[in-house]
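K.L.:
The sequence shown begins at 8 in my numbering and counts up by one.
Backbone N, C-alpha and C fix where the C-beta goes; we use that ideal spot for every residue, glycine too.
Quick one: structure below, then a few questions.
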Amino acid sequence: MRIAIFSDIHGNFDALQTVSGLLDTVDFFCILGDIVGYGAEPEACVQWVMHRPDARVVMGNHDAACVGVLPLTWFNPIPKRALRWTCQHLSKESTTYLQTLPQTIPQLHGALWVHGSPRHPLEEYIDHPVVAQEVFVSSDFPVCFYAHTHQAEAYILHEGRLLHPRFQQGGEIILHPGKRYLINCGSVGQPRDGNSQASFGLFDTEKGVVKIQRTEYNMESAAEKIREAGLPEELALRLFLGQ
Ligand code: ZN
Numbered sequence: 008m009r010i011a012i013f014s015d016i017h018g019n020f021d022a023l024q025t026v027s028g029l030l031d032t033v034d035f036f037c038i039l040g041d042i043v044g045y046g047a048e049p050e051a052c053v054q055w056v057m058h059r060p061d062a063r064v065v066m067g068n069h070d071a072a073c074v075g076v077l078p079l080t081w082f083n084p085i086p087k088r089a090l091r092w093t094c095q096h097l098s099k100e101s102t103t104y105l106q107t108l109p110q111t112i113p114q115l116h117g118a119l120w121v122h123g124s125p126r127h128p129l130e131e132y133i134d135h136p137v138v139a140q141e142v143f144v145s146s147d148f149p150v151c152f153y154a155h156t157h158q159a160e161a162y163i164l165h166e167g168r169l170l171h172p173r174f175q176q177g178g179e180i181i182l183h184p185g186k187r188y189l190i191n192c193g194s195v196g197q198p199r200d201g202n203s204q205a206s207f208g209l210f211d212t213e214k215g216v217v218k219i220q221r222t223e224y225n226m227e228s229a230a231e232k233i234r235e236a237g238l239p240e241e242l243a244l245r246l247f248l249g250q
């Protein structure tokens, strides 16, 4: 089975259409949260996700804020402003859908799936080797796909040694039994690892290979929509910076 892994779409329908258009033989989608927030097309993104018959989806912190699961006080001023706008631009149907999302998928194709981290699914950022080490200790998954930091990278634990490959230009992880993996396939709609190209993953479950791909998309269009919506200018600029 080939699984496409999308996360942190963040209302960027231009990026979502481009990455989904690249897929030809995908059997299944795993979408790791933050469908909304920041970008100007949250409703189109939720509708796209919601109408995929072949997808499993977890809740992200921005999705959670739109349905009252996480308070807006949790967020910094710019995301808070964008979230207020987002909440006003989601249909009842989309809001109801976001409410139904689980915070983790504990076991699917041999992996655990979550937005933040297994111990704090909505809040925790796995953004440092120390945090990754603690997460490995706190749970016993062989493979965990996570998101939230918008960085394409992995932490691999083997015989007490922690490796930390990054996939700023894409790359491949071959899964070995006996090693443990925390894998972030990066962000579709707002990459923050210095490369502004959209990032997503392809997991071949038979071969045990995870590919991380980067692609250009129409960033100008996404930025223009952010400006037209009256959302903070920083959110448009950020797309070009990849930070
Ligand atoms: Zn996010």
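In the DSSP assignment, find the alpha helix (DSSP H) that holds H69 and state where it starts and stops.
P.N.:
Residue 69 sits at position 62 when you count from the first residue of the sequence shown. Note, H69: alpha helix (DSSP H), 68 to 73.
K.L.:
When you compare only the Cα positions, how much space is there between G203 and V144?
P.N.:
The residue you call residue 203 lines up with position 196 of the sequence shown. The residue you call residue 144 lines up with position 137 of the sequence shown. First, the amino acid is wrong: residue 203 is Ser here, not Gly. Distance between the alpha carbons of S203 and V144: 33 angstroms.
K.L.:
Does any heavy atom of the ligand ZN sit closer than 7 angstroms to the C-beta of G208?
P.N.:
Taking the first residue of the sequence shown as 1, we reach residue 208 at position 201. Result no, Cβ not under 7 angstroms from the ligand ZN.
K.L.:
Comparing the CB of H69 with every heavy atom of the ligand ZN, is any distance shorter than 7 angstroms?
P.N.:
As a position in the sequence shown, residue 69 is number 62, starting the count at 1. It does: the Cβ of H69 is within 7 angstroms (strictly closer) of some heavy atom of the ligand ZN.
K.L.:
Could you tell me which of G249, L238, Q250, L248 sits nearest to Y45, measuring between CA atoms?
P.N.:
Within the sequence shown, residue 45 is the residue found at index 38, counting from 1. It is L238 whose Cα lies nearest to the Cα of Y45.
K.L.:
How would the residue list near the ligand ZN read, in chain order, if you kept each one whose beta-carbon is closer than 5 angstroms to any heavy atom?
P.N.:
D15, D41
K.L.:
What residue ranges within the stretch 130 to 193 form continuous beta strand (DSSP E) runs of no fewer than 3 residues, ordered along the chain?
P.N.:
150 to 153, 159 to 165, 168 to 170, 178 to 181, 187 to 192
K.L.:
Please report how far the alpha carbon of G177 lies from the alpha carbon of E160, in whole angstroms.
P.N.:
Start at 1 with the first residue of the sequence shown, and residue 177 comes out as number 170. Start at 1 with the first residue of the sequence shown, and residue 160 comes out as number 153. So the two alpha carbons sit approximately 9 angstroms from each other.
K.L.:
According to DSSP, simplified to helix, strand and coil, what is A243?
P.N.:
Here residue 243 refers to the residue found at position 236 when the sequence shown is read from its first residue. In this structure, A243 counts as helix in the three-state DSSP scheme.
K.L.:
Look at the alpha carbon of Q140 and the alpha carbon of I190, and state the distance between them as a whole number of angstroms.
P.N.:
On the sequence shown, position 133 is the one that residue 140 refers to. On the sequence shown, position 183 is the one that residue 190 refers to. Rounded to whole angstroms, the gap between the alpha carbons of Q140 and I190 is 13 angstroms.
K.L.:
Thinking I233 and A51 are a contact (beta carbons under 8 angstroms), I'd like their distance in whole angstroms, please.
P.N.:
For the purposes of this step, residue 233 is taken as residue 226 along the sequence shown, with counting starting at 1. For the purposes of this step, residue 51 is taken as residue 44 along the sequence shown, with counting starting at 1. Incorrect: roughly 14 angstroms between the Cβ atoms, too far for contact.
K.L.:
If you drop the 5 nearest sequence neighbours on each side, which residues of the same chain put their C-beta closer than 7 angstroms to that of L108?
P.N.:
Within the sequence shown, residue 108 is the residue found at index 101, counting from 1. In its chain, beyond the 5 residues on either side, V64, V65, M66, D70 have a beta carbon closer than 7 angstroms to the beta carbon of L108.
K.L.:
Quick one: grab the DSSP three-state call for G208.
P.N.:
For the purposes of this step, residue 208 is identified with residue 201 of the sequence shown, where counting begins at 1. Note: G208 maps to strand in three-state DSSP.
K.L.:
Is the stretch 8 to 16 close to the stretch 206 to 222, with three or more CB pairs under 8 angstroms?
P.N.:
yes
K.L.:
So which of R168, H116, Y162 has the shortest CA-CA distance to I133?
P.N.:
On the sequence shown, position 126 is the one that residue 133 refers to. The shortest C-alpha separation from I133 is found at Y162.
K.L.:
Can you give the Cα-Cα distance for S124 and V195, rounded to whole angstroms?
P.N.:
Position 117 of the sequence shown, counted from the start, is the residue given in the question as residue 124. Position 188 of the sequence shown, counted from the start, is the residue given in the question as residue 195. If I take the Cα positions, the gap works out to 19 angstroms.
K.L.:
Since I38 and V53 are thought to touch, with beta carbons under 8 angstroms apart, how far apart are those beta carbons, to the nearest angstrom?
P.N.:
Indexing the sequence shown from 1 puts residue 38 at position 31. Indexing the sequence shown from 1 puts residue 53 at position 46. Going by Cβ atoms, the distance from I38 to V53 rounds to 11 angstroms, so no, they are not a contact pair.
K.L.:
In three-state terms, what does DSSP make of K214?
P.N.:
As a working note, residue 214 is residue 207 in the sequence shown. If DSSP states are grouped into helix, strand and coil, K214 belongs with coil.
K.L.:
Just verifying my parser: in three-state terms, what is the DSSP assignment at A118?
P.N.:
In the sequence shown, the residue the question calls residue 118 occupies position 111. Strand.
K.L.:
Taking buried to mean at least 16 other C-beta atoms within 10 Å of its own C-beta, is F20 buried or exposed?
P.N.:
In the sequence shown, counting from the first residue as 1, residue 20 sits at position 13. By the neighbour-count rule (16 or more Cβ atoms within 10 Å), F20 is buried.
K.L.:
Classify D200: buried if its beta carbon has 16 or more other beta carbons within 10 angstroms, exposed otherwise.
P.N.:
Looking up residue 200 in the sequence shown gives position 193. D200 should be labelled buried.
K.L.:
Out of V150, P198, H157, T156, which one is the CA nearest neighbour of I180?
P.N.:
Start at 1 with the first residue of the sequence shown, and residue 180 comes out as number 173. Nearest of V150, P198, H157, T156 to I180, Cα basis: V150.
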